[in-house]
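Chains as they are written, first to last, in this note's numbering: chain A, 1 to 280; chain B, 1 to 123. Remarks on the structure that follows.
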Amino acid sequence: MSLRCTVGFMATAIVLISAPVAAQQPFDESKYAAFEGQWMRVGPIARYDQTKPPGGGQEAPLTPEYNAIFEANLADVAKGGFGDDPVYACILEGMPRAMNLILPMEIIAKRNTTYFLMEYLGMLRRIHTDGRSFPTDEPPSWMGYSTGKWIDEDGDGRYDVLEIETRNLKNPRTFDASGIPLHRDGQTIVKERLYLDKADPDILYNQITTYDHALTQPWTVLKTMHRERNPIFVEAVCAEENLQVNIGNEHYMLNSSRELMPARKDQPPPDLKHFNRPKN
Amino acid sequence: MASGSSAVLTGLALLSMTSGVIAHHSFAMFDTAHPIEISGVVKEFRYANPHSVWVVEVKRSDGTSKDWVLEGPAPGIMARQGVTANTFRPGDAFRGTISPLHSGEPGGSYFPPQIDLSNPIRK
C-alpha cells in the first residue's frame, strides 16, 4: 500500500470514527440562546398583531374572497353566533395562532429538537433542528411540522437566533378569536425568527411571517414575550367544563341544573323531531 | 311544573349532553353593553377550563331566590391573580358586575380585569 493510500485510509477512518463520537457528546446548553423557561405575551390577549385593535382593526391583508368570509363571520358573531372561530369547540388553535399566547409557553431546547409547550389547550410544538427536510407523507396537524435552525449571528460562539419554518397544517384555523381566516387549501407556511432583546434577556421577540393564499401578501407581525421568573404551571383541558352549548345554528347556556336556557330573547328550542314527544 | 314541561326540560338537558357541541369563547350571548351588579351567596365554584363557573343564589325582593350561573376566567388566568380552587366556597357572600344573557335568564359572564380577592366575604 502506498503512503498516499495509507494517509487517505486513515483520514477516512478518522472521519468515520469521529462522527458518531461527536453525536454522543453531551448537549452543551451554554452554546444556545437562553430561551429556556416560561414566556408570556406582552400586551392584550388574543390578538395576532399585538400592536393593533382586534377584529377588523388588525388590518389583515385578506384577498377580497377571504375578506368577504371574514365579514360574514363578524356579522354572525354580531347576531349572537360563534362565527368561524374553530376554537369555540375546543379545537387546537394551530399555527400561527398558537403564538398569540393566551396563556404562557415553556421552551425546552435539546440537541436536535426544541419544544414549545403551550399551557393553553395543552398545545405542543416540536421544532426539529437536526437539519432534516420536511416529510412528504406526514398527515397534516394543527401545530404543523416544524424545522428550525440555530444561528450564531454575531459570531461569538453562542447561538442567538432560532429560525423556524412550519408547514403541513390542518384546517380549520384562524389567526385569532375574531375569525380572521386562513385559506381552506391548508397550504400555509409560517416562518419565525426568535431572538432575545439585546439589553434585557427576559424579553423574547418572535417575528412571524405567514404565507397563505387567503392573503394578498405575506403578513408579518412582531410578537413580544416576557420571561416568567417565578413560573406557575396550570393544566388547561378545554373539554372539562362548559356552559355554552351549540345545537345546529343556535347557542344556549346551561343553568345550575345543567338544563338549557335560551341565550337570547324569543330563541327557539332545539329541534326534537328525533325524540319521543312527552305524553300529556 | 307540569309533567309535560318537566319531560321537555329533561329532554333538553339530555339533548345538551349528547348531541350538542360544547362550546366556549363566544361572548355574543352576553349583553356586555348593559352590565348589572348581582350579590348573593355562592352555592358552587368550579375552578375549571375553559371557563370557571360560579353558581350564586340571589335573593329577590319578594323573598324568593334564583340561582345565577356565571362563566368566568380560566384557572390559568385566575391562578396568576392569586385565585385558587378554594378562594370561593359554598356559603361565601358574592358580589360582582356581570354581563347578563340577552334572554333575561339567570346567566351571565363575569370577567373582571382582576378578580377582587376581598370578594368573597367569608362568613
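Idealized CB from N, CA, C, for every residue including glycine. The structure presented is a predicted model; accordingly, all values stated were derived computationally and were not measured.
Are the Cβ atoms of Gly108 (chain B) and Pro100 (chain B) separated by less than 8 angstroms?
Note that the C-beta distance between Gly108 (chain B) and Pro100 (chain B) is below 8 angstroms.
Once you ignore the five residues that flank Arg184 (chain A) on each side, which residues in its own chain have a CB closer than 7 angstroms to its CB?
Answer for Arg184 (chain A): Asn171, listed in chain order.
Give the secondary structure of Arg258 (chain A) by DSSP, where H, G and I count as helix, E and B as strand, and everything else as coil.
DSSP places Arg258 (chain A) in coil when its eight states are reduced to three.
What is the C-beta distance between Gly80 (chain A) and Trp142 (chain A), in whole angstroms, given that I count them as a contact (C-beta under 8 angstroms)?
Between Trp142 (chain A) and Gly80 (chain A) the Cβ distance is about 27 angstroms, and since that is not below 8 angstroms, they are no contact.
Listed by chain order, chain B residues near Glu119 (chain A) by CB distance under 9 angstroms:
Near Glu119 (chain A) (Cβ distances below 9 angstroms), the residues of chain B are Gly76.
With a cut-off of 8 angstroms, does the C-beta of Ala85 (chain B) fall near any C-beta of chain A?
So no, Ala85 (chain B) is outside the interface.
Going along the segment 244-262 of chain A in order, which residues come within less than 8 angstroms of chain B, judged by CB to CB distance?
Along the segment 244-262 of chain A, going in chain order, the ones with a CB nearer than 8 angstroms to a CB of chain B are Gln244, Val245, Asn246, Ile247, His251, Tyr252, Met253, Leu254, Asn255, Ser256, Ser257, Arg258, Glu259, Leu260, Met261, Pro262.
In whole angstroms, what separates the C-alpha of Asp152 (chain A) from that of Phe116 (chain A)?
Here the alpha carbons of Phe116 (chain A) and Asp152 (chain A) stand approximately 21 angstroms from one another.
Using a 10 Å radius around the Cβ and a threshold of 16 neighbouring Cβ atoms, would you call Val237 (chain A) buried or exposed?
So Val237 (chain A) counts as exposed.
What does the Cβ neighbour count give for Thr97 (chain B), buried or exposed, with the cut at 16 atoms within 10 Å?
So Thr97 (chain B) ends up on the exposed side.
Assuming Met78 (chain B) is part of the alpha helix (DSSP H), what are its boundary residues?
Looking at the DSSP string, the run of the alpha helix (DSSP H) that includes Met78 (chain B) is 75-78.
Contacts that Lys265 (chain A) makes with chain B (C-beta to C-beta distance below 9 angstroms)
Within 9 angstroms Cβ-Cβ: His102, Ser103, Gly104.
Proximity winner among A:Ile127, A:Trp150, A:Gly155, A:Asp156, relative to Gly144 (chain A) (alpha-carbon distances):
Of the listed residues, the one whose Cα sits closest to Gly144 (chain A) is A:Ile127.
For Leu339 (chain A), which residues in chain B fall below 8 angstroms Cβ to Cβ?
In the structure as shown, chain A starts at 1 and stops at 280, and residue 339 (chain A) therefore has no counterpart that could be examined.
Suppose you measure from the CA of Pro40 (chain B) to the CA of Ile232 (chain A); what does that come to, to the nearest Å?
The residue asked about is misnamed: residue 40 (chain B) is Gly in this sequence, not Pro. Rounded to the nearest angstrom, the gap between the Cα atoms of Gly40 (chain B) and Ile232 (chain A) is 32 angstroms.
If the cut is a Cβ gap below 8 angstroms, which residues of chain B does Ile164 (chain A) touch?
Per Cβ cutoff of 8 angstroms: no residues; Ile164 (chain A) is ~24 angstroms from chain B at best.
Below 7 angstroms CB to CB, which residues in the same chain sit around Tyr159 (chain A) once its five sequence neighbours on both sides are set aside?
Closer than 7 angstroms at Cβ, skipping near neighbours: Lys31, Tyr32, Ala33, Trp150, Ile151, Asp152.
Could you give the residue range of the beta strand (DSSP E) that holds Ile102 (chain A)?
Segment: none, Ile102 (chain A) is in no beta strand (DSSP E) and carries neither H nor E.
Whole-angstrom distance between Ser103 (chain B) and Gln267 (chain A), CA atom to CA atom:
Spanning the two alpha carbons is a distance of roughly 8 angstroms.
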